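Going down the list, the protein sequences come from chains D and B. Each residue of the first sequence is one higher than the one before, counting from 6 in our numbering. Each residue of the second sequence is one higher than the one before, counting from 157 in our numbering. Reading through the structure tokens given below for one structure.
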Amino acid sequence: MLGEGILKGLVETARNFAGSYFSKDRLTTVEYPEQRIPQVEAARVFPFLVYDGTDWAAGLRCVACQICEKECPPKCIYIEKSTDKKPDYVGKMQIYPARFDIDVSVCMSCQICVEVCPFEAIKMDTEFELATDDRFAGLLLDKSRLAKSNEYYYTIHPTEAAEVDARLAEEKAKVEAKAKAAAEAAAAKAAAKAAAEAPATAPASADAAQPVQAPSVKTPEGGKTAGGEQ
Amino acid sequence: MAERADQLFVFILHWLVGFLPATWRPAVAVVLCVASIIVVFGFLFALAVLMERKGLGRMQNRYGPNRVGVFGILQPLADAVKSLTKEDIVPFRSDAVVHFLAPVLLVITVFMGFAVLPVGRNMVLVNLDSSLLFFFAMGASTELAIFMAGWSSRNKYSLLGAMRAVAQMISYEVPLLLSSVVIVMMTGSLSLVKMVDAQNHYTWGLPHWFVFTPWGFAAFLMFLIASTAETNRTPFDLPEGESEIIAGYFTEYSGFKFALFFLGEYVGMFGIAGLGTTLFLGGWSAPFAFLSWVPSWIWFFAKVELWICLFIWLRGTLPRLRQDQLMNFAWKFVLPMTILNLVVAAVWRFMGEGLPRWLVCSAVVVIAYVAMSRVGLRRKQIGPRSYRYAE
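What follows is the structure, encoded as structure tokens:
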């Protein structure tokens, strides 16, 4: 009969109306500034620069290679290379960014800078309350405001951070092993040289020269390929 | 004491006017009444907006506004401040004079209706003999205001909304009038005050409200439907269907003029709810004889608020109709029902007291309702479409 459906609908809305006062489960609203739901791990908002250790200026992983600057689709990254060098996490001397600015108002949160970075130096943050009343300087974040510790990275993306650290540790171990091998080879060469002092034969010296040369050339290259893999 | 409370505002008026010379008294009394009507219904407007927002929120399992003041009760105040401080934009190619006049006319006409509405015992601004007619005349002039708004904006959505509004309001004006005509037939008067008096007596403690008779109940339902359509409320809110035509006739309005339209819409709602209350729900009379000591104006406003709650409830429940459904419903169901109801009322009048007239009238109304909903709203059963292509 006409009107039956209307009555059914009215009963339904009345149940919702009354139910919302009695059962809290019905109200799914999160009253945001007071209540917050934890961010999901895959959340990403805006990039930040990772640093190791306690001093952000010294521990910054960025080597100012400018790949992110070139890849950034909306061109919101601005990097100036330093003239001097500082040691990176494996102890190798690298240049570092004298200036590293990202414009919040231009960034589109695409994460391409993170994808292309060979040094695990730039990562996505989950901090989303970036609004400010200073629309020029307040939205242009320099490296002091971008730098965040590796521990912070662990708190926002634990799985990803663990993977990154494992990779870096592996890298470091590889480099150390290579350095060790080089040292051993150098020692062996020294020993061989000392041995060869008396009976100097041509093939023996050629055999010894091979391992001596290899590490000295490969060490910088090894760093590069390792970066490329990431 | 009860009588004192009942006539409180009448006493206050007489006391205030008593300070003035006799020649000034009538004019000042009218001004005071008008001012109090505007203040009271302005306040009710704020209350209704808040109730609507909170109520709809709860029906949709949301909180509704709860930031301004305790539980959001100051939300209407914030809305008012927002509306007043917003920029008032008049489209460059619009007819500026008519564009300005439309909301003013709307608010004036909807407030004029309250002049004849008895809001309590001895509480009516103008006791016209044909007050029902006056009320409908004022109600009908809102259509003019709406069309002025739609036409002067020079915007296709405004014009479409205005056309829809006028078509709809004219269609539903007919059943609205016809459903009230039965009350006129019964009371033999066009005066709203007399209509309340006719309902304000009790048998076994129960009131003689017209809604408790077969013809009265049918007329009440039809009036409810038509009044929902008259006030452009869901499910009849096609004139301002925001998913189709932005905001309809007030698309091009902003700032305070927009607020005036909003006010006009809600005050129109109070007007029609007040009229419905007066016609069918006994106006300011108490629902039980033993509650007669409660001041009459409290009953009137309580009934109006209940009616508003029903409107809100309907809005939270029903989706918007399509234009053809709207027209079909008006002309093929509501109108025949109201016309039949006139006959039922006449039968009731001439069958005399007793059980037979109850049975006959109820049977006719129920049978007509079922038959009309089956026949009047029948849709042609169209099978799956078949195509024949040229060979």
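The beta carbon of each residue, even a glycine, is placed where N, CA and C say it ideally should be. Just so we're clear, the structure is a prediction, and the values are computed from it rather than from any experiment.
Neighbour-count burial assignment, aspartate 130(D), 16 or more Cβ in a 10 Å radius: buried
Rounded to whole angstroms, what is the Cα-Cα separation between valine 205(B) and tyrosine 219(B)? 15 Å
With distances taken Cα to Cα, identify the nearest neighbour of leucine 377(B) among Ser529(B), Thr494(B) and Ala519(B). Thr494(B)
Let me check understanding here. Comparing Cα to Cα, which of Lys459(B), Arg476(B) and Ala429(B) lies closest to proline 395(B)? Arg476(B)
Environment of asparagine 278(B) [buried if 16+ CB atoms lie within 10 Å]: exposed
Determine the DSSP secondary structure at glutamate 76(D), reduced to helix, strand or coil. helix
What in chain D is Cβ-close to arginine 310(B), meaning under 7 Å? The premise fails here: arginine 310(B) is roughly 36 Å from chain D at the closest Cβ pair, so nothing lies under 7 Å.
Valine 423(B) and phenylalanine 227(B): beta carbons closer than 9 Å? no
Would a C-beta distance cut-off of 9 Å place phenylalanine 418(B) and serine 529(B) closer than the cut-off? no
Using the beta-carbon count (16 or more within 10 Å), is leucine 146(D) buried or exposed? buried
Under 8 Å, with one C-beta from each stretch per pair, do the stretch 348-357 of chain B and the stretch 421-438 of chain B reach the 3-pair mark? yes
Distance, methionine 113(D) Cα to glutamine 44(D) Cα: 19 Å
Cut-off 7 Å between Cβ atoms - residues of its own chain near proline 492(B), not counting five sequence neighbours on either side: Met528 and Gly532
Sort out for me which residues DSSP pairs threonine 359(B) with in a bridge. Leu362(B)
Tell me the DSSP secondary structure of glutamate 165(D) in three-state form. helix
Could you check which residue in Phe303(B), Ser309(B), Pro331(B) and Val330(B) has the C-alpha nearest to that of methionine 319(B)? Phe303(B)
So if DSSP puts proline 92(D) in a beta bridge, which residue, or which two residues, is it bridged to? Met98(D)
Assuming the contact rule is C-beta atoms closer than 8 Å, serine 518(B) and proline 370(B) should be a hit. Round their C-beta distance to whole Å, please. 4 Å
Assuming leucine 333(B) and alanine 301(B) make a contact with CB atoms under 8 Å, what is their CB distance in whole Å? About 19 Å separates the two Cβ atoms, so there is no contact after all.
Tyrosine 26(D): buried (16+ other C-beta within 10 angstroms of its C-beta) or exposed? exposed
Across which residues does DSSP place aspartate 108(D) in a beta bridge pair? Leu145(D)
Should glycine 472(B) be flagged as near chain D, meaning a C-beta pair shorter than 9 Å? yes
Could you list the residues in the stretch 310-335 of chain B with a C-beta less than 9 Å from some C-beta on chain D, going in chain order? none
Using a Cβ-Cβ cutoff of less than 6 Å, which residues in the same chain neighbour alanine 486(B) once the five nearest sequence positions on both sides are dropped? Ser327 and Tyr328
Is it buried or exposed for tryptophan 171(B), if we count other Cβ within 10 angstroms and need 16 for buried? exposed
My assumption, with CB atoms under 8 Å, is that serine 368(B) sits in contact with methionine 342(B). Please give the rounded CB distance. In the sequence on display, residue 368(B) carries phenylalanine and not serine. Not a contact, Cβ separation roughly 13 Å.
Specify whether the stretch 19-35 of chain D and the stretch 205-215 of chain B touch according to this definition: at least 3 beta carbon pairs, one from each stretch, less than 8 Å apart. yes
Where do the ends of the beta strand (DSSP E) carrying phenylalanine 489(B) lie? From DSSP, phenylalanine 489(B) is part of no beta strand (DSSP E); its letter is neither H nor E.
Residue-level contact to chain B via CB, alanine 47(D), 9 Å cutoff: no
Secondary structure of alanine 214(D), DSSP reduced to three states: Any reading at alanine 214(D) needs caution, since the residue's pLDDT is 48, under 50, leaving its predicted position unreliable; the model's value is listed next. In the structure shown, alanine 214(D) sits in a helix (DSSP, three-state: H, G or I).
In terms of residue numbering, what span does the beta strand (DSSP E) encompassing isoleucine 127(D) cover? 127-130
Asparagine 497(B): contacting residues in chain D (beta-carbon distance under 9 Å): Correct list: empty, because the minimum Cβ distance to chain D is about 16 Å.
Spatial neighbours of phenylalanine 292(B) within its chain, please: C-beta separation below 7 Å, excluding the five flanking residues on both sides. Leu333
Sorted by chain position, which residues of the same chain lie with C-beta nearer than 8 Å to leucine 474(B)'s C-beta, five sequence neighbours on each side aside? Thr390 and Pro391
What does the Cβ neighbour count give for glycine 233(D), buried or exposed, with the cut at 16 atoms within 10 Å? For glycine 233(D), the predicted structure reports a pLDDT of 43, less than 50, and the residue's modelled location is therefore unreliable. The matter cannot be settled from this model.
Determine contact between the stretch 75-89 of chain D and the stretch 154-162 of chain D, defined as no fewer than three beta-carbon pairs at a distance below 8 Å. no
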